[in-house]
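Trainee: Sending over a structure as C-alpha cells; questions will come in a sec.
There are 2 protein chains.
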Amino acid sequence: MNALMNDIEVIKTKHSKINEVDFDHLSFGKTFSDHMLECDYKDGKWQAPKVVPYAPITLDPSAKIFHYGQSIFEGMKAYKDGDNNILLFRPLDNFKRLNISAKRLAIPELPEAYFMEGLKALLKVDSDWIPKNEGSSLYIRPFIFATGKGFHASPADEYKFVIATAPSGSYFAGELKVLIEEKYSRSANGGVGFAKAGGNYAGQFYPTQLAIEKGYQQVIWTDDNTHEYIEEAGAMNIFIRINDTLITGPTSDRILDGITRKSIIELTEKEGIPVEVRKITVSEVVEAAKNGSLKEMFGAGTAAVISPISGFGYKNEDFDLPKLENTYADALKKRITDIQTNKVEDPFGWRYKVI
Amino acid sequence: MNALMNDIEVIKTKHSKINEVDFDHLSFGKTFSDHMLECDYKDGKWQAPKVVPYAPITLDPSAKIFHYGQSIFEGMKAYKDGDNNILLFRPLDNFKRLNISAKRLAIPELPEAYFMEGLKALLKVDSDWIPKNEGSSLYIRPFIFATGKGFHASPADEYKFVIATAPSGSYFAGELKVLIEEKYSRSANGGVGFAKAGGNYAGQFYPTQLAIEKGYQQVIWTDDNTHEYIEEAGAMNIFIRINDTLITGPTSDRILDGITRKSIIELTEKEGIPVEVRKITVSEVVEAAKNGSLKEMFGAGTAAVISPISGFGYKNEDFDLPKLENTYADALKKRITDIQTNKVEDPFGWRYKVI
Ligand SMILES: Cc1ncc(COP(=O)(O)O)c(C=O)c1O
Ligand SMILES: Cc1ncc(COP(=O)(O)O)c(C=O)c1O
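Note that the protein sequences, when read in sequence, are chains A and B.
With my numbering as the guide, the letters of the first sequence map in order to residues 1255 to 1609.
With my numbering as the guide, the letters of the second sequence map in order to residues 1255 to 1609.
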C-alpha cells in the first residue's frame, strides 16, 4: 500500500486558484480545488492513478456516458481539526459502496488501493483547500463513467475514474418542507436504486421541480407499487420520530444504504435512543401527525448531514412538525459532526486520519 | 423554416474519413461520419445549431452528465433509394419523443426547427455517408446531455444537443435467444422507463450480461412488481404471435412508445393480420409454448428493425420457437423496410424525403 502510495504520480498546477476563494462564504459544490485524481480503465485493467491539475475532460461524441448513462459516484467529506489533521469519515465504506454500484452498472470494479491511496495523495496536495470553519468541509466526489465509444447499447470497454473536490458550505439553505410523492418514483424492485448510479438522480429532478413549484423543497419517495411505504427523502435516507422512538425503513434494492443512516442507527443504540428499523407507511405518519405523536422527521446523508424537516404535504393537505427544544436531530448532528471533526472520542473507529 | 434552414452554419471538415470506410462490411454504430450537428443551451435558451466536423467534446469534470445521468437520446435511420433520394422514417415522431424524454428528465425542450432543419442540413453535408447496400443505413443518433457544472443534485443550467451519424450494418448477428427476467427490472411505475433516458440503458447491462453468460443474447423485461407481465425485449418492443394473432403489451410509463411498434400495429391492421394490444403474461406465453400455439416472438425497434426470437428461457427451462415458412416477422420486416427505402407505396405518409 505504502509502496503504491509513494508511486502515485503528482503533476502540480502552475496556477493555484486558492486565493480567489472566499472560505467564509462557501456555497455547495461550485468551487473546485486545484487538483483531481484521474485513473483510466483500458486494455482490460485500471491504469495507475495520477494527481493532475483540475482540468476539462475531452471525450468522443460517441462515448457511452453521453448515451447510456453508465456512471456511478460517491460523496464524502474531508475535515481539518484544530491540529490541522486531515480527517475522513468511514472512507472504506464509500469505497465498498462504489464497487457495489460498479457491479450493478457493469463497470469494472476498482482496486481498493487506487481509491484510498489516490484519495490520500489528492488530499495532501490540496490540503489547503480543506475549510476549517464550522459547518464547512471539503466535499469529495469520486466518480466513474464510461468513456468507451460506440452506439451499441452495451457496456463500454473504457472508463474514467476521477476524484474531484470542492470546499463547501451547507447543502440546504433555510427550512425543509417535503412532499410525499404519490405518482412518481425513483427506483424499481430489481432496479438500480441501491446504487449511486447517475441516472437515479436525473429521474428525480422533474418530480422535485413539481414539488418546488408547489412550495416544497424536496420529495419523499415512496415505493413505486403502492406509494404507501416511505423510502427516502430526496437524496437522503429518512428518519421519523414517533413519540420517543426513531424509525427508519430497512434498506432494499430500491434504497441507498447510506453511511450517515447506519452511523445514526449505531449512535442511537449507544445513546439509548430507541430505534426501529422497519417499514413505515404514509398512513402511519399522517396518523401520527394528526394525533400529535409525530415529533420529528429528518433526512440523513453526507452532503446535508442531518436535515430537520419542518413539515410535509400529502394529498393536498399540509402537516407541520412541532418545534421542539431538544431534538434528536440536533443531538445526533452534533455528535456525528463532533466525531467527524475530532472534537469528541470516536468509540466506533469511524474517523480516519489521512495525516 | 426554410429561412432557418438556410441559416444553419456549416463548417466543413478538411479531412474526410470516408475513404477509410468499407461500406460492404459495416458493423453497428462504430464508424462515425465526417460531421455532426451541435447546439448549446445556455443563458436560458437553445442557441443556433451548427454543422461542424465530428470532433471530441470537452467538459468540466463537474458537468452534470458525469454525476447525475441527465441525458436523453433518439435513434433513427436515413436511407438512400435508387434515385439517390435521402429518406427518413417518421422523423417528427422521434422529435416529439425527444421532447417527451426531455420533459421527464428536466431538460429544456428543443425547438422543432432546430431538430428537423439541423438534421436535414447534416444529412445533406454527409449524404455520401448514407449506405446504399440492402440491410445497411445511416444510423442517426440525436442526443442531449447536461453540460452545466456543479455537484448539487439538481438540473443543469447548460446542455448540449448533438446529432451524430454512423453508417451501420445490422444490429444483431446470429440468432436471438432471450431470457425472461424474474429478478431484475428496467423501470418503475412513475419512473423514466417511457423516456429514452441514458440511465435506463446502463441499468440493463448487468442483467443482460448475466443472461449472456447463461447462453442468451437478450433479456425480456417484465414488470418490477410481479415479473408476470411481459414488457420489452432488451431495447426493443416485443410482439408475440399465438396461433394467428399478434399480441403486444400496451405502452405505459414503464415502456417506450416505439415507432417501429406502432408502425407494425398499423401495418398489421391494414394487412388483415389480427392484432391485440393488451397485457400479456409470462404464464400465457409459457402455456402457449407448451401447447404449440406459440408461433412467433420478435423484437421491434429502429436499430434492429424486426428481430425474430428463436427461443426463450424461463425458470431454468428452455423453450424453442417453431421454424415456420412464412412468418409475420419476415412479411412485416419486408414491408416496413420496403416503405423505408422507397420500394413500395407508402399509404401511411411515413416516409420523409430530405432531398
Ligand atoms: C439516494 C440517496 N440516499 C441516501 C444518501 C445518503 O447516503 P450517505 O449517508 O452515505 O451519504 C445518498 C447520498 O448521499 C443518496 O444519494
Ligand atoms: C427501451 C426501448 N424500447 C423500444 C425501442 C424501440 O423504439 P423505436 O421503434 O422507436 O426505435 C427502443 C429504441 O429503439 C428502446 O430503447
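Each residue gets a CB set at the ideal place from its N, CA and C atoms; glycine is no exception.
The structure displayed is predicted, hence computed values, not measured ones.
Going by CA-CA distance only, name the one from 1500/B, 1466/B and 1319/B that's closest to residue 1488/B.
Mentor: What you label residue 1488/B is simply residue 234 of the second sequence in a count that begins at 1. The shortest C-alpha separation from residue 1488/B is found at 1466/B.
Trainee: Can you have a look at residue 1597/A and say buried or exposed, based on whether 16 or more other CB atoms are within 10 angstroms of its CB?
Mentor: Here the question's residue 1597/A lines up with position 343 in the first sequence. Result: exposed.
Trainee: Is there a Cβ from chain B that is less than 8 Å from the Cβ of residue 1316/A?
Mentor: Here residue 1316/A corresponds to residue number 62 of the first sequence, with the count starting at 1. At least one chain B Cβ lies under 8 Å of residue 1316/A.
Trainee: Please indicate yes or no: does the CB of residue 1512/B lie closer than 7 Å to some heavy atom of ligand 2?
Mentor: Start at 1 with the first residue of the second sequence, and residue 1512/B comes out as number 258. For ligand 2, at least one heavy atom lies less than 7 Å from the Cβ of residue 1512/B.
Trainee: Can you tell me where the beta strand (DSSP E) holding residue 1355/A begins and where it ends?
Mentor: To locate residue 1355/A, count along the first sequence from 1; it is residue 101. Counting along the chain, residue 1355/A falls outside any beta strand (DSSP E), though it belongs to the alpha helix (DSSP H) covering 1345-1358.
Trainee: Could you say if the region 1428-1436 of chain B and the region 1472-1489 of chain B meet the contact criterion of at least three C-beta pairs nearer than 8 Å?
Mentor: With a cut-off of 8 Å, the region 1472-1489 of chain B and the region 1428-1436 of chain B count as touching, because enough Cβ pairs lie within range.
Trainee: Decide yes or no for the touch test of the region 1388-1398 of chain A against the region 1412-1427 of chain A: beta carbon pairs closer than 8 Å, at least 3 of them.
Mentor: With the cut-off at 8 Å, the region 1388-1398 of chain A and the region 1412-1427 of chain A touch.
Trainee: Where residue 1578/A and residue 1562/A are concerned, what is the direct C-alpha to C-alpha distance, given to the nearest angstrom?
Mentor: Residue numbering aside, residue 1578/A sits at position 324 when the first sequence is read from its first letter. Residue numbering aside, residue 1562/A sits at position 308 when the first sequence is read from its first letter. Straight-line Cα distance between these residues: approximately 11 Å.
Trainee: Is residue 1450/A near ligand 1 - that is, is its Cβ less than 7 Å away from at least one heavy atom of it?
Mentor: Mapped onto the first sequence, residue 1450/A falls at position 196. Residue 1450/A: yes, Cβ under 7 Å from ligand 1.
Trainee: Would you kindly work out how many angstroms separate the C-alpha atoms of residue 1480/B and residue 1535/B, rounded to a whole number?
Mentor: Taking the first residue of the second sequence as 1, we reach residue 1480/B at position 226. Taking the first residue of the second sequence as 1, we reach residue 1535/B at position 281. Approximately 10 Å, taken between the alpha carbons.
Trainee: Using a Cβ-Cβ cut-off of 8 Å, state whether residue 1290/B counts as contacting chain A.
Mentor: For the purposes of this step, residue 1290/B is taken as the residue at position 36 of the second sequence. Answer yes: the Cβ-Cβ gap between residue 1290/B and chain A drops below 8 Å somewhere.
Trainee: If contacts are defined as beta-carbon pairs under 8 Å, then residue 1278/B and residue 1387/B qualify, I think. What distance do you get, rounded to the angstrom?
Mentor: Along the second sequence, read from residue 1 onward, the residue named residue 1278/B stands at position 24. Along the second sequence, read from residue 1 onward, the residue named residue 1387/B stands at position 133. Correct: roughly 7 Å between the Cβ atoms.
Trainee: Would you call residue 1602/A buried or exposed, if buried means 16 or more other Cβ atoms sit within 10 Å of its Cβ?
Mentor: Here residue 1602/A is taken as the residue at index 348 of the first sequence, counted from 1. Exposed, because fewer than 16 other Cβ atoms sit within 10 Å of the Cβ of residue 1602/A.
Trainee: Mind pulling the alpha helix (DSSP H) runs of 4 or more residues that sit fully within the region 1497-1584 of chain A?
Mentor: Segments of the alpha helix (DSSP H) lying fully in the region 1497-1584 of chain A: 1513-1525 and 1536-1545.
Trainee: Using CA coordinates, which residue listed in 1518/B, 1571/B and 1524/B is at the minimum distance from residue 1554/B?
Mentor: On the second sequence, position 300 is the one that residue 1554/B refers to. For residue 1554/B, the nearest C-alpha among the options comes from 1518/B.
Trainee: Going by the beta-carbon positions, is the gap between residue 1456/A and residue 1323/B smaller than 8 Å?
Mentor: Taking the first sequence and counting its residues from 1, the one referred to as residue 1456/A is at position 202. Taking the second sequence and counting its residues from 1, the one referred to as residue 1323/B is at position 69. For residue 1456/A and residue 1323/B, yes; Cβs fall inside 8 Å.
Trainee: So the candidates are 1600/A, 1575/A, 1356/A and 1450/A; which of them puts its Cα closest to the Cα of residue 1512/A?
Mentor: Here the question's residue 1512/A lines up with position 258 in the first sequence. For the residues 1600/A, 1575/A, 1356/A and 1450/A, the minimum Cα distance to residue 1512/A belongs to 1450/A.
Trainee: Pairs of beta-carbons, one from the region 1313-1328 of chain A and one from the region 1292-1304 of chain A, closer than 8 Å: are there three or more?
Mentor: With a cut-off of 8 Å, the region 1292-1304 of chain A and the region 1313-1328 of chain A do not count as touching, because too few Cβ pairs lie within range.
Trainee: Taking the beta carbon of residue 1439/A as the centre, do at least 16 other beta carbons fall within 10 Å, making it buried, or is it exposed?
Mentor: The residue given as residue 1439/A occupies position 185 in the first sequence. With 16 or more other Cβ atoms within 10 Å, it is buried.
Trainee: Measuring alpha carbon to alpha carbon, tell me which of 1581/A, 1491/A, 1413/A and 1544/A ends up nearest residue 1499/A.
Mentor: Taking the first sequence and counting its residues from 1, one reaches residue 1499/A at position 245. Nearest C-alpha to residue 1499/A: 1581/A.
Trainee: Would you call the CB atoms of residue 1309/A and residue 1392/A closer than 8 Å?
Mentor: For this step, residue 1309/A is matched to residue 55 along the first sequence. For this step, residue 1392/A is matched to residue 138 along the first sequence. Result no, Cβ atoms of residue 1309/A and residue 1392/A do not sit closer than 8 Å.
Trainee: When we look at the beta-carbon of residue 1421/B and count the other beta-carbons within 10 Å, is it buried (16 or more) or exposed?
Mentor: Within the second sequence, numbered from 1, the residue matching residue 1421/B stands at position 167. Label assigned to residue 1421/B: buried.
Trainee: Using the Cβ count rule (16 or more neighbours within 10 Å means buried), how would you classify residue 1494/B?
Mentor: Here residue 1494/B corresponds to residue number 240 of the second sequence, with the count starting at 1. Buried, since its Cβ has 16 or more Cβ neighbours within 10 Å.
Trainee: Over what stretch of residues does the alpha helix (DSSP H) that includes residue 1620/B continue unbroken?
Mentor: Any question about residue 1620/B goes unanswered here, given that chain B covers just 1255 to 1609.
Trainee: Measure the CB-CB distance between residue 1564/B and residue 1359/B and report whether it falls below 8 Å.
Mentor: Here the question's residue 1564/B lines up with position 310 in the second sequence. Here the question's residue 1359/B lines up with position 105 in the second sequence. Taking 8 Å as the Cβ cut-off, residue 1564/B and residue 1359/B do not qualify as a contacting pair.
Trainee: Please indicate yes or no: does the CB of residue 1526/A lie closer than 7 Å to some heavy atom of ligand 1?
Mentor: One-based indexing of the first sequence puts residue 1526/A at position 272. No - ligand 1 has no heavy atom lying nearer than 7 Å to the Cβ of residue 1526/A.
Trainee: Got a sec: does ligand 1 put a non-hydrogen atom nearer than 7 Å to the Cβ of residue 1486/A?
Mentor: As a first step, residue 1486/A is located in the first sequence; it is residue number 232 there, counting from the start. Indeed, a heavy atom of ligand 1 lies less than 7 Å from the Cβ.
Trainee: Please name the residue, chosen from 1389/A, 1353/A, 1361/A and 1586/A, that lies closest to residue 1426/A on a Cα-to-Cα basis.
Mentor: One-based indexing of the first sequence puts residue 1426/A at position 172. Here the closest residue by C-alpha is 1389/A.
Trainee: With DSSP run on the structure shown, which of helix, strand or coil describes residue 1331/A?
Mentor: Working through the first sequence from its first residue, we reach residue 1331/A at position 77. Residue 1331/A falls in the strand class under three-state DSSP.
Trainee: Less than 7 Å between the CB of residue 1554/B and some heavy atom of ligand 2, yes or no?
Mentor: Residue 1554/B sits at position 300 when you count from the first residue of the second sequence. For ligand 2, at least one heavy atom lies less than 7 Å from the Cβ of residue 1554/B.
Trainee: Helix, strand or coil: which one does DSSP assign to residue 1594/A?
Mentor: Residue 1594/A sits at position 340 when you count from the first residue of the first sequence. Reduced to three states, the DSSP call for residue 1594/A is helix.
Trainee: Which residues in the same chain as residue 1592/B place their Cβ atom closer than 7 Å to its Cβ, once the five residues preceding and following it in sequence are excluded?
Mentor: Here residue 1592/B refers to the residue found at position 338 of the second sequence. Counting only Cβ-Cβ distances below 7 Å, and skipping sequence neighbours, we find 1598.
Trainee: Can you find a CB in chain B that lies within less than 8 Å of the CB of residue 1310/A?
Mentor: Counting from 1 along the first sequence, the entry for residue 1310/A is found at position 56. With 8 Å as the cut-off, residue 1310/A counts as an interface residue toward chain B.
Trainee: Consider the C-beta atom of residue 1491/B and the heavy atoms of ligand 2; say whether any pair is separated by less than 7 Å.
Mentor: Position 237 of the second sequence, counting from 1, holds the residue named residue 1491/B. It does: the Cβ of residue 1491/B is within 7 Å (strictly closer) of some heavy atom of ligand 2.
Trainee: Is the number of C-beta pairs between the region 1264-1277 of chain B and the region 1366-1373 of chain A that are closer than 8 Å three or more?
Mentor: The region 1264-1277 of chain B, when compared against the region 1366-1373 of chain A, does not touch it at the 8 Å Cβ threshold.
Trainee: I want to see whether chain B comes within less than 8 Å of residue 1319/A, judged by CB atoms only; does it?
Mentor: The residue you call residue 1319/A lines up with position 65 of the first sequence. It does; some Cβ of chain B falls within 8 Å.
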